[in-house]
Structure formats: C-alpha cells, structure tokens
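Residue numbers for the sequence shown, in this note's numbering: 124 to 427. What follows is a set of notes on a single structure, which appears directly below.
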Amino acid sequence: PSTDSFEGCIIDRRGYKKLVAWDCALLKDEVGKIVGTLYSGIDISERRDVELALKQSEHRFRVALKNTPVSVTQQDKDLNYLWFYNANSIFSADDIIGKTDLDLFPQEEAQTLVQIKQETLQTGKGIRQEVVLHVNDEECYYDFISEPLHDDNDVVIGVISAATDITPYKQAEAAVQQEISLSQRLLQAMPHYFVSFNSDGKIVNINQHMLDVLHYGSKEAIGQDFFSTFVPKDEIKTMREAIEMGLENNTKVITTNHILKKDGDQLLIDWYSWPIFKDKNTLKYFFVLGVDHSQKEIQTPSLS
C-alpha cells in the first residue's frame, strides 16, 4: 500500500517518552518510481492517558458494582435505554437497549418510573424515591435514584438512574414488625401486669389486663407518670431506687411493692424490671412485668 499507519514511542529532547500516531506515505517521482518515504506524526500521549484513565475508571466502577444489588442505566430524553449495567440483574443489556420502561414493566409500575424520570428531565434535579416492581412475579423494593445527564453546554440530554434492591431489608423489616405485633398481642393477652416507661417515668405502653384490674382506660394511663399514678407515695422512693439500680448494672431487678387502683385500693405486686437500650449508652425504656402477689401465693402450692 502507498500509505500506512502505526503507533510508536519516541523520546523528546527533555527525555520524556511520547506516544505518536504515525502516518507513512511513499514518495514517488513523475514515472511512479519510489524516491522516499514521508512520515507525519501526532502526539497522542495525552489522549491515550485519558483513554486509559477512563478504562480504569470503568473497570473500578464494574468491580465496585459486581455482586451488589445495584443497577445503573442511561436513557435519552425520550427515555429509551442507551446503556445498562448490572451483572446480577434479570435483564441483560440486549433485553433493554432501545426500549422504554413501558416495554419492560407492568403499566402502573412503568408509569411510576416514567414520571420520576420525566420530572428529572423537566427540572434538571435529581430525585430519590422508593419504588415497587414485580420481577418474575415477585414483589421487589428498590431505592431508586434519577439524576439528569448534561452535555458540554449544560443542557439536559437524558437521565442516569441507579436502583438498589432493598427487598431483603424490607422483608426483614416486615418480619420484625410481625414479631413486634405478636409480642404486643401476647403482652396484651397475658394475665399479668405489663408496663413500660421512659427515663422520666412517663408510661409508654401498658397491657389491657393491668388497665382492667386498676380500672383505667389506656388514654388515662399512656403518657402519665407511672410512679405518681400507680405507686403509693411512701413506696415511690424504694421502687424507683430499685429500678435505677437495674439501670446502673444493666440487669433484671425484682422488687415487691403495692400498686394503686383508681379507687385507691392497693394490691401487692412482685415487679420484674429490665432496662431496654436503644444503643450501648442510651436507655429506650424500662420493661416492667408485675405478678399479683396474692395470685402468686395461690398458684404456688405449699409443701407440708
């Protein structure tokens, strides 16, 4: 061929290595005889460095997303998918490139995604929202982020979206709520007294059995001071000190005190108190379980 192209390195006068893209052409005379060779070169060192940096950046990006529940996509202003990445997704790039959300998801769910992205296109501002999508007939939850994509003139030309699958967390949250609900039902149904109150003594929760025996409604008890409402004045100090000792030692405390009914009658109760913490150093509430002393005596057979 009369021309050829190749890349090669040279050393400039300062001793720096440069990568040059060379074009080589044969020089011929009037009769077509080769009389020489003409080389022209362009320094592409900086361009190659940029290409390498972009390649490394994309590699790091892919490594960071590998084995994570995060999908990243790019769409144009018509919300056609141009680019997609997530090795763990049920979709492959071929499944979605050139398509829209309306092609991929049920109508209502697709419309939710479209509305989020259209708002991003119109306002030029990012949006973060939890969305629910049905994938393989399973309900999946996503932490969805939509950000505008700008050109060199700062004009919005599309959207970049990231969706993190938070389904396992939502399922765990639902399981915890179910356990809490079950615990509440058990506490409400048990034939003993249950009450919880914060560090100020304000009642947070109280079971129905305790309310029924003491002739109170829940609205009369919740938020009230436990000690001044239910403990005789001459026993408040003793009971408070015992419970606070449990807080200091982070342990269960057992104490026996009277409790006041709404009409002023008193019942002798064995109290079992535990401090419950939000974290290592912050008290959430005191969990207090009471057993009627007279019932305890009846339920415990005597040995003769």
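For each residue, glycine too, the CB sits at the ideal point set by N, CA and C.
query, result
"Cβ separation of N380 and V354, assumed to be a contact under 8 angstroms, to the nearest whole Å", "6 angstroms"
"C-beta contact flag for S168 and D146 at 9 angstroms", "no"
"Contact between the segment 254–261 and the segment 218–238 (3+ Cβ pairs under 8 angstroms)", "yes"
"Alpha carbon of L305 to alpha carbon of A312, nearest angstrom", "11 angstroms"
"Contact belief for L244 with V279 at Cβ below 8 angstroms, rounded distance in angstroms", "6 angstroms"
"Distance between beta carbons of I329 and A344, contact taken as under 8 angstroms", "5 angstroms"
"I392 vs V414 beta-carbon contact at 9 angstroms", "yes"
"Which listed residue (I283, Q307, G340) has its alpha carbon closest to that of L205", "I283"
"DSSP state of I219 mapped onto helix, strand, coil", "helix"
"Which of helix, strand or coil DSSP assigns to H381", "strand"
"Inter-residue CB distance, L150 and V158 (contact presumed, cutoff 8 angstroms)", "5 angstroms"
"E153 - DSSP class collapsed to helix/strand/coil", "coil"
"Euclidean distance between Cα positions of K403 and I377", "23 angstroms"
"Unbroken beta strand (DSSP E) run spanning Y204, endpoints", "204–208"
"Between the CA atoms of N373 and K342 - distance to the nearest angstrom", "30 angstroms"
"Check whether V411 and V318 have beta carbons under 9 angstroms apart", "yes"
"Bounding residues of the alpha helix (DSSP H) (the contiguous stretch that carries P229)", "P229 -> no alpha helix (DSSP H), and no H or E assigned at all."
"T160 versus D127: straight-line alpha-carbon distance, rounded", "11 angstroms"
"Where P314 falls, given that 16 or more other Cβ within 10 Å makes a residue buried", "exposed"
"Inter-stretch contact (C-beta, 8 angstroms, three-pair minimum) for the segment 283–297 and the segment 385–400", "no"
"Contacting residues, own chain, Cβ-Cβ under 6 angstroms from F129 (five flanking each side not counted)", "W145"
"For C132 and A216, the rounded distance between their alpha carbons", "38 angstroms"
"Assigned exposure category for S396 - 16 Cβ within 10 Å defines buried", "buried"
"Top-ranked residue by Cα proximity to K200, from G138, E262, S194, G221", "G221"
"Counterpart residues of I133 in DSSP-defined beta bridges", "K141"
"Contiguous beta strand (DSSP E) assignments of at least 3 residues, all confined to the segment 240–283", "250–258, 261–273"
"Contact under 9 angstroms by Cβ, Q347 with I326", "yes"
"Whole-angstrom distance between S351 and Q307, CA atom to CA atom", "25 angstroms"
"Proximity winner among V299, M362, R171, Y292, relative to A141 (alpha-carbon distances)", "The sequence given here places Lys at residue 141; Ala does not occur at that position. K141 has its Cα closest to that of R171, out of V299, M362, R171, Y292."
"Start and end residues, beta strand (DSSP E) containing G413", "406–415"
"Spatial neighbours of P398 in its chain, beta-carbon cut-off 7 angstroms, leaving aside the 5 residues before and after", "G369, L370, N373, L406, F409"
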